[in-house]
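K.L.:
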Amino acid sequence: MTIELPQNISSGRSRRLADFVRLTSQRARLAFDPGPPPDPIFVLGTGRSGTHWVAWILEPHTALHTLIEKPPIFNWVTELAIDPSAEARLLPGLLRRYQLEAASARPKRLLDKSHPNIWLAEQLAEAFPAARFIGVLRDVFGTVASSLRHEGVRYWAENWDAYPVPNRFLGVSEDNREAYARMSLAGRCAVRWHAHLRRLDELETVLGERMIRMRYHKLQTDTTRELERLQEFLDLDDPIARPEIKSKSLDRWKEDLSEQQVAEIRAIVGEDAERS
């Protein structure tokens, strides 16, 4: 079954043609000269948690070639995150595409921001033994408030029953399905955040030193130290340029969320509400 996903980034005919020509040449090149093993970097997390910002921060670095939610990669990754039964159909093509993108990026390293890869990390780690992973976490209130403002992210909470259950991507299980159906959109977004938090915790054990956790608020408030930590983790010779800091985003949720929404979120995620 092919899942119909909401529209993300549209690519024009000329863009698709350029990609086809570029990747075809890489297939021929790899057939004769496979080159060194690829060492891609994958940015993981839930929507509206800061994954986009982390990718934007790294995009200008001269050692990196950055893809941000590039189709068809992002579409495949999202469908795989929603429906694990699609793995036999989509995963081999996804891994081949990453292999080609990494070869095309040389001598730079490929950095891909398709954040639902958080649910495919084991497969990516096995396929690319030298890969590194950046797991991004933002506080639940900031994430939920931003999710409610963003039409594309809010879509998932509004249309959850159009997709298979259980649904790890949204945090919906057979056990919580009835309760989830009664929740507000804020509550459903909190469930999604909580599922991704538990997944990050799991991946820290699975991936070990191959993953670094970047906390949105720390990147905002202790930027220099966090960038140094990220530079060291990625083994980059040159420093990462300091981004523009928009500190108002840290507390905007206090204006956007009602007391009732905050109480519902706290009831759903419990003590984890304080984690970020």
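Using this note's numbering, the first residue of the sequence shown is number 499, and each one after it goes up by one. For each residue, glycine too, the CB sits at the ideal point set by N, CA and C.
1) What is the C-beta distance between V651 and R773, in whole angstroms, given that I count them as a contact (C-beta under 8 Å)?
2) Going by the DSSP bridge assignment, what does V670 pair with across the sheet?
3) Which parts of the region 577–652 are runs of the beta strand (DSSP E), unbroken and 3 residues or longer, counting only runs that do not cross its ends?
4) Just to confirm the assignment, what range does the beta strand (DSSP E) spanning I566 have?
5) In whole angstroms, what is the alpha-carbon distance linking R750 and P741?
6) Beta-carbon within less than 6 Å of V760's beta-carbon, same chain only, minus the 5 sequence neighbours each way: which residues are those?
7) Can you name the residues that DSSP bridges to R723?
8) If you draw a straight line from the alpha carbon of E620 to that of N674, how long is it in whole angstroms?
9) So does the region 719–729 actually touch the region 650–664, counting three or more Cβ pairs closer than 8 Å?
10) Going along the chain, which residues of its own chain have a beta-carbon closer than 8 Å to the beta-carbon of D770, five neighbours each way excluded?
11) Evaluate K746 with the Cβ neighbour count: other Cβ atoms within 10 Å of its Cβ, from every protein chain shown; 16 or more gives buried, anything less gives exposed.
12) In chain order, what residues of the same chain lie with their CB nearer than 6 Å to the CB of L521, ignoring the 5 residues before and after it?
13) Could you check whether L609 and F667 sit closer than 9 Å to each other, using their CB atoms as the reference points?
14) Nearest to R711 by CA position, among L646, W574, R604, V552, is which residue?
15) Express the C-alpha separation of A586 and E762 in angstroms, rounding to a whole number.
16) Would A623 and V704 qualify as a contact pair, given that the criterion is a beta-carbon distance under 9 Å?
P.N.:
Short version:
1) Not a contact, Cβ separation roughly 20 Å.
2) In the DSSP output, where bridge partners are listed per residue, V670 has N665.
3) Every unbroken stretch of the beta strand (DSSP E) spanning 3 or more residues and falling wholly within the region 577–652 is given here in chain order: 607–611, 630–635.
4) Element bounds for I566: 562–566.
5) In a straight line, the C-alpha of R750 is about 19 Å away from that of P741.
6) Taking C-beta separations shorter than 6 Å and ignoring five residues to either side along the sequence, V760 has no partners in its chain.
7) DSSP output for R723 lists no bridge partner at all.
8) Taking the straight line joining both Cα atoms gives about 26 Å.
9) In this structure the region 719–729 does not touch the region 650–664; the number of beta carbon pairs closer than 8 Å is below three.
10) Taking D770 as the centre and dropping the five residues before and after it, the same chain places the C-beta of V638, H692, L695 closer than 8 Å to its C-beta, in chain order.
11) Burial call: exposed.
12) Excluding sequence neighbours, L521 sits near L598.
13) Going by beta carbons, F667 and L609 fall outside the 9 Å limit.
14) For the residues L646, W574, R604, V552, the minimum Cα distance to R711 belongs to V552.
15) Going by the C-alpha atoms only, they are around 38 Å apart.
16) Contact: yes.
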